[in-house]
Amino acid sequence: MTTDTSSATGTNPLLVPSPLPYGLPDFAALDDEHFLPAYRAGMAEHRAELEVITADPAEPTFENTFLAFERSGQLLRRVHQVFSNLVAADGTEARQEIDEEISPELSAHWDAIHLDAALYSQLARVDLDGIGGLETEDRRLAEETLKTFRLLGADLDREAKVRLAAINERLAVLSSQYGRRMVAENTASAVWFGSAGEVAGLSEQDLASAASAARNAGHDAGYLLTLSMFTSQPWLETLENPESRRRVHEAAWLRGTTPGENFALDLAVEQAGLRAEKAGLLGFSSWADYALQDRTAPGLDAVRDLLTRIIPAATANARREKAEIEAEAGHPVEAWDWPFYAARIERERYRVDTSALRSYFELDRVLAEGVFAAATALYGITFRERPDLHGYQPDVRVWEVREADGTELGLFVGDFFTRPTKSGGAWMNSFREASTFFGEHPVVSNNLNIPRPAAGEPALLTVDQVNTLFHEFGHALHGLLSSGRYATLSGTAVPRDFVEFPSQVNEMWMYWPEIVSAYARHVGTGEEIDPGVLAAIEASSLWSEGFRTTEYLGATMLDLAWHSLAPGTTVEDPLAFEADQLRAAGLDPDLVAPRYRSSYFKHIFGGGYAAGYYSYLWSEVLDADTVEWFRAHGGLSRENGERFRSELLARGNTRDPMESYRRFRGGDADPEHLLRRRGLLR
Numbered sequence: 003m004t005t006d007t008s009s010a011t012g013t014n015p016l017l018v019p020s021p022l023p024y025g026l027p028d029f030a031a032l033d034d035e036h037f038l039p040a041y042r043a044g045m046a047e048h049r050a051e052l053e054v055i056t057a058d059p060a061e062p063t064f065e066n067t068f069l070a071f072e073r074s075g076q077l078l079r080r081v082h083q084v085f086s087n088l089v090a091a092d093g094t095e096a097r098q099e100i101d102e103e104i105s106p107e108l109s110a111h112w113d114a115i116h117l118d119a120a121l122y123s124q125l126a127r128v129d130l131d132g133i134g135g136l137e138t139e140d141r142r143l144a145e146e147t148l149k150t151f152r153l154l155g156a157d158l159d160r161e162a163k164v165r166l167a168a169i170n171e172r173l174a175v176l177s178s179q180y181g182r183r184m185v186a187e188n189t190a191s192a193v194w195f196g197s198a199g200e201v202a203g204l205s206e207q208d209l210a211s212a213a214s215a216a217r218n219a220g221h222d223a224g225y226l227l228t229l230s231m232f233t234s235q236p237w238l239e240t241l242e243n244p245e246s247r248r249r250v251h252e253a254a255w256l257r258g259t260t261p262g263e264n265f266a267l268d269l270a271v272e273q274a275g276l277r278a279e280k281a282g283l284l285g286f287s288s289w290a291d292y293a294l295q296d297r298t299a300p301g302l303d304a305v306r307d308l309l310t311r312i313i314p315a316a317t318a319n320a321r322r323e324k325a326e327i328e329a330e331a332g333h334p335v336e337a338w339d340w341p342f343y344a345a346r347i348e349r350e351r352y353r354v355d356t357s358a359l360r361s362y363f364e365l366d367r368v369l370a371e372g373v374f375a376a377a378t379a380l381y382g383i384t385f386r387e388r389p390d391l392h393g394y395q396p397d398v399r400v401w402e403v404r405e406a407d408g409t410e411l412g413l414f415v416g417d418f419f420t421r422p423t424k425s426g427g428a429w430m431n432s433f434r435e436a437s438t439f440f441g442e443h444p445v446v447s448n449n450l451n452i453p454r455p456a457a458g459e460p461a462l463l464t465v466d467q468v469n470t471l472f473h474e475f476g477h478a479l480h481g482l483l484s485s486g487r488y489a490t491l492s493g494t495a496v497p498r499d500f501v502e503f504p505s506q507v508n509e510m511w512m513y514w515p516e517i518v519s520a521y522a523r524h525v526g527t528g529e530e531i532d533p534g535v536l537a538a539i540e541a542s543s544l545w546s547e548g549f550r551t552t553e554y555l556g557a558t559m560l561d562l563a564w565h566s567l568a569p570g571t572t573v574e575d576p577l578a579f580e581a582d583q584l585r586a587a588g589l590d591p592d593l594v595a596p597r598y599r600s601s602y603f604k605h606i607f608g609g610g611y612a613a614g615y616y617s618y619l620w621s622e623v624l625d626a627d628t629v630e631w632f633r634a635h636g637g638l639s640r641e642n643g644e645r646f647r648s649e650l651l652a653r654g655n656t657r658d659p660m661e662s663y664r665r666f667r668g669g670d671a672d673p674e675h676l677l678r679r680r681g682l683l684r
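If you want the numbering used here, it's the position in the sequence shown, counting the first as 1, plus 2.
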């Protein structure tokens, strides 16, 4: 697809700021044909703005370099925030084509900036000691900008810069292709069953959703089970037919591994090789070594130390769980049987039937009386749905968020249901960051993949989906409550291994007594969920923790294996590489499969988590420690919320995030809280 940039006229709504409240994109006025011209106009405008900086004959100062650099590229920023959100949440064929076309152009554009010797020289000549104290955001902006330039190759010689730019352009293409193939393969891998007997065990809502999904996919009858992005599928907990469980598991496990139009392993191998080469050009032994230069972890050795400390205990837990499961089943269990019998033990031992509990977790009530209510109790903020503001799909909803005194804060956009054009998983994105420099309020979104209920039926959530809702809203709060001056340092623009920390902390309010008693009510009767059931759910939290921790560690070690390759290393057989690397790390893929395989590991091959999937565990050290602090200080209160907000959420990357943590907590985190939470201390 090629679009002439001459079509970028004043009629293109992307070329001017949105007239809607808070700058919410005017989706009703947007057509796909607007994106390429707007992108190219944005890049041209950005180049012109940067040329002014490099051509300025005046002595370089903070104002005419770093501030001018921060101010530049606003059109491009606006266009990219709209399009990148849309291609993930509603990636139609046309948008996927646009993404593949524009990705290498964007890569080349940013390389031309970060490898521009004249621009870098202007920035580097500024006297940072004249900017102010170490705590000022101005100094932080300057230091982080220079660090970014250096990590992206500003100090390389000309020949190395040319090769680096070529690698970056190719990586941009590969990442876009990987994401496109993964979405297509996930849709194509949905499992169709012709009879109700084959899907026995599913709830009425799940049966209705599966029947509706089958009709939407063009089947005249039957049931279509769509797949989550994990290896282990939630359907496996309730499907009674072992053959049906096998079909679902194998459909998930084999995604993207068979040569064909959606084959993804070749893209993963090429990306890993190019990243290793790029790291070598920049003076590092591997991509993992390079990536850790911009994280809170002190280095790769520290990350490996944490993981190797946990792997033996986690796998030992998983083996004990498997022995109990096989005793329950009365026979050896396969991977597709494990979730079914684990759920049965949970029901029998703890009297918890998580499937039956869905009637107590209706989406709108969980949002209003759970997620939003906890945020109000902690931070005083309020939420009002704005039906006059529209999203990019009819079921996308918008809420206005205000401070306790009514001051405008921002917008929250909720996109909760799965669709064939949507990437799997759940995530938070920003359509606009908070910035006092630009006078802009944040517009943040949460995306989930809840199966759409049949027409007229309420959306009932699983316990895991409720947890995901609280988790992703923790990211949203990080964006909404940011009070930084510069968009570059605002909200979630923190190191990759810190960004999950606030979202993980927000999960704790899911079971907080006054919160759960308000939202966990039967959808038909309004009856409050039995507190004993909630206590049983919490008591059962360590059951299957061996499985959950081990599958996570499997994905983490795969990520590090791919990104610890030395420059020039070639992986001939990626599936054999997976198995060998897992075993070398002390994991047994026959015991517990990794959460993701290389063919559907979007975090690292279609997103920004390359050599960063460890971040969830690294952040959880801070999270577990923070949860203990909240409990010790009275839990859900405005006083506690304001401390967490002012020292952490509001700060973003305006200072070293670990310094923000220490100021909040009064010291470093104790990792024993995490080990105890996961049942790894006895």
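Backbone N, C-alpha and C fix where the C-beta goes; we use that ideal spot for every residue, glycine too.
Since this is a predicted model, take the numbers as computed values, not measurements.
N-terminal and C-terminal residue of the alpha helix (DSSP H) that residue i is part of
i, result
"Glu72", "Ala70 to Arg73"
"Glu540", "Pro533 to Ala541"
"Met559", "Glu547 to Trp564"
"Ser44", "Correcting the residue type first, residue 44 is Gly in the shown sequence and not Ser. It spans Phe37 to Ala57 - the alpha helix (DSSP H) in which Gly44 sits, taken as one unbroken run."
"Arg667", "Pro659 to Arg667"
"Ala350", "Going by the sequence as given, residue 350 is Glu instead of Ala. Where Glu350 is concerned, the enclosing alpha helix (DSSP H) stretches over Trp340 to Tyr352."
"Trp237", "Counting along the chain, Trp237 falls outside any alpha helix (DSSP H), and DSSP gives it neither H nor E."
"Phe439", "Taken as a continuous stretch (DSSP letters only), Phe439 belongs to no alpha helix (DSSP H), as it is neither H nor E."
Nearest to residue i (by Cα), restricted to the options the options
i, options, result
"Leu78", "Pro569, Leu483, Val185 and Glu47", "Glu47"
"Ser492", "Leu650, Glu641 and Pro569", "Leu650"
"Thr378", "Gly609, Glu622, Ile452 and Glu644", "Glu644"
"Ala91", "Arg349, Arg360, Pro422 and Pro59", "Pro422"
"Glu641", "Leu380, Glu474, Phe579 and Thr384", "Leu380"
"Arg42", "Ser432, Gly75, Asp208 and Val89", "Gly75"
"Glu529", "Pro591, Asn449, Leu359 and Thr628", "Leu359"
"Asp592", "Glu580, Asp532, Ser600 and Ser601", "Glu580"
"Val373", "Ala456, Met430, Ala57 and Gly476", "Gly476"
"Ala478", "Trp429, Ser519 and Val465", "Trp429"
"Ile347", "Ser543, Ala281 and Leu227", "Ser543"
"Ser197", "Leu241, Asp118 and Gln235", "Leu241"
"Tyr225", "Trp237, Pro236, Leu209 and Ser234", "Leu209"
"Asp721", "Ser109, Asp407 and Gly301", "Nothing about residue 721 can be reported from this structure: the residues present for the chain run from 3 to 684 only."
"Leu32", "Arg306, His565, Ser432 and Arg97", "Arg97"
"Phe37", "Pro15, Ile55, Tyr618 and Leu26", "Pro15"
"Asn87", "Gly637, Gly282 and Asn449", "Asn449"
"Ala216", "Thr228, Asp113, Gly441 and Glu206", "Thr228"
"Met2", "Leu204, Ser214, Ala213 and Thr189", "Because the chain spans 3 through 684 in this model, residue 2 falls outside it and cannot be assessed."
"Gly526", "Pro21, Arg351, Arg367 and Ala344", "Arg367"
CB of residue i within 7 Å of CB of residue j, strictly
i, j, result
"Tyr185", "Ser447", "The sequence given here places Val at residue 185; Tyr does not occur at that position. Cβ distance not < 7 Å, so Val185 and Ser447 don't count as in contact."
"Arg142", "Thr656", "yes"
"Trp401", "Phe414", "yes"
"Tyr24", "Val403", "no"
"Ser484", "Ala406", "no"
"Arg183", "Ala266", "yes"
"Pro1", "Ser648", "In the structure as shown, the chain begins at 3 and stops at 684. Residue 1 is therefore absent and cannot be evaluated."
"Leu369", "Ala461", "no"
"Ala325", "Leu567", "no"
Where the beta strand (DSSP E) through residue i begins and ends
i, result
"Glu65", "Run containing Glu65: none; DSSP gives neither H nor E here."
"Ile452", "Val445 to Ile452"
"Asn431", "Trp429 to Arg434"
"Phe385", "Thr384 to Glu387"
"Glu529", "Careful: Glu529 lies outside any beta strand (DSSP E) and carries neither H nor E."
"Asp140", "Here Asp140 belongs to no beta strand (DSSP E); instead the alpha helix (DSSP H) covers Glu139 to Leu153."
"Tyr381", "Counting along the chain, Tyr381 falls outside any beta strand (DSSP E), though it belongs to the alpha helix (DSSP H) covering Phe374 to Tyr381."
Item checked: Cβ contact (3+ pairs, closer than 8 Å) linking the segment 254-270 and the segment 538-550 -> no
Notebook entry, point to check: Counting Cβ pairs, one atom from each stretch, are 3 or more of them under 8 Å apart for the segment 383-403 and the segment 189-201?
Noted result: no
Check: Three or more C-beta pairs closer than 8 Å, one from the segment 103-117 and one from the segment 172-181: is that the case here?
Finding: yes
Notebook entry, point to check: Can you give, in chain order, each stretch of the beta strand (DSSP E) that sits fully within the segment 243-297 and has at least 3 residues?
Noted result: none
Check: Can you find at least 3 beta carbon pairs, one from the segment 582-590 and one from the segment 228-246, that sit closer than 8 Å?
Finding: no
Next item on the list: State whether the segment 505-517 contacts the segment 619-631, with contact taken as three or more CB pairs (one from each stretch) at a distance under 8 Å.
Entry: yes
Next item on the list: Would you be able to state if there are at least three C-beta pairs under 8 Å between the segment 268-288 and the segment 596-609?
Entry: yes
Notebook entry, point to check: Fully enclosed by the segment 580-629, which alpha helix (DSSP H) runs are 4 residues long or longer?
Noted result: 604-607
Notebook entry, point to check: Counting Cβ pairs closer than 8 Å, one from the segment 603-619 and one from the segment 569-576, do we hit at least three?
Noted result: no
Next item on the list: Starting from the N-terminal side, write out each stretch of the alpha helix (DSSP H) that is 4 residues or longer and does not extend beyond the segment 492-527.
Entry: 502-508 and 515-521
Notebook entry, point to check: Counting pairs of beta carbons, one from the segment 210-225 and one from the segment 307-315, are three or more of them closer than 8 Å?
Noted result: no
Notebook entry, point to check: Three or more C-beta pairs closer than 8 Å, one from the segment 58-72 and one from the segment 113-127: is that the case here?
Noted result: yes
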